[in-house]
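A quick write-up on the structure given underneath.
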Amino acid sequence: MEGYVPNQDISLDTYQKIFKVTCEDLERVYKEGYNAYLNKQYKESCLIFRWLVFFNPFVSKFWFSLGAALHMDAQYPQALHAYGVTALLRDKDPHPHYYAYICYTLMEQTEEADKALEMAWERAQRQPAYHDLKEEILSIRNHSNR
């Protein structure tokens, strides 16, 4: 899956459709991955979320969850890829950019971290639902300016 980005403009059948896997089946598997993640079984959750992305690469929560699991497993470059795909699928959501900021910071890539934080900030300003994230970003900015 490394380097793969789904193209929503191309009409193609997903493996979910080809193998007749129902949305309910994928949701059950997702819950298994999420429970593994909550139990800090990050390698297991990475495998499960990769499987989900393989079967349907157009579901943003599969990519976001894969990014989170890879992130917690300290696989930052791979997490950045998953967050990047999430950002493409959810172009108005600031969260993938915010978590990319954290990964870049952990990798000591300050310039890229700053870009990701700015993209998160731009998107967080659009919706009142992102108030807490806006406050977090402001706190980071204020702290880094000292």
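Heads up: the sequence shown begins at 46 in the numbering used here, then just goes up one per residue.
Idealized CB from N, CA, C, for every residue including glycine.
All values derive from a computational prediction rather than experimental measurement.
8 Å Cβ cutoff met for residue i and residue j
{"i": "L115", "j": "A127", "result": "yes"}
{"i": "F107", "j": "L92", "result": "no"}
{"i": "P51", "j": "F103", "result": "yes"}
{"i": "D118", "j": "K88", "result": "yes"}
{"i": "S105", "j": "R135", "result": "yes"}
{"i": "A158", "j": "Y146", "result": "yes"}
{"i": "F94", "j": "L111", "result": "yes"}
{"i": "F109", "j": "Y60", "result": "no"}
Inter-residue CB distance, residue i and residue j (contact presumed, cutoff 8 Å)
{"i": "N101", "j": "L125", "result": "In fact, because the Cβ distance is near 21 Å, the residues do not count as touching under 8 Å."}
{"i": "L178", "j": "A169", "result": "5 Å"}
{"i": "K137", "j": "R186", "result": "Not a contact, Cβ separation roughly 21 Å."}
Terminal residues of the alpha helix (DSSP H) in which residue i lies
{"i": "P51", "result": "Unbroken run through P51: none, as it is neither H nor E."}
{"i": "Q123", "result": "Y121 to L134"}
{"i": "Y143", "result": "H140 to L151"}
{"i": "N80", "result": "C68 to L83"}
{"i": "T155", "result": "T155 to A169"}
{"i": "A113", "result": "S105 to M117"}
{"i": "N187", "result": "H176 to S189"}
Beta carbon proximity, residue i to chain D, threshold 8 Å
{"i": "A113", "result": "Looking at the structure shown, chain D is missing, and only one protein chain is on hand."}
Heavy atom of the ligand COA within 7 Å of residue i beta-carbon
{"i": "H140", "result": "No copy of the ligand COA occurs in the structure displayed, which carries no ligand at all."}
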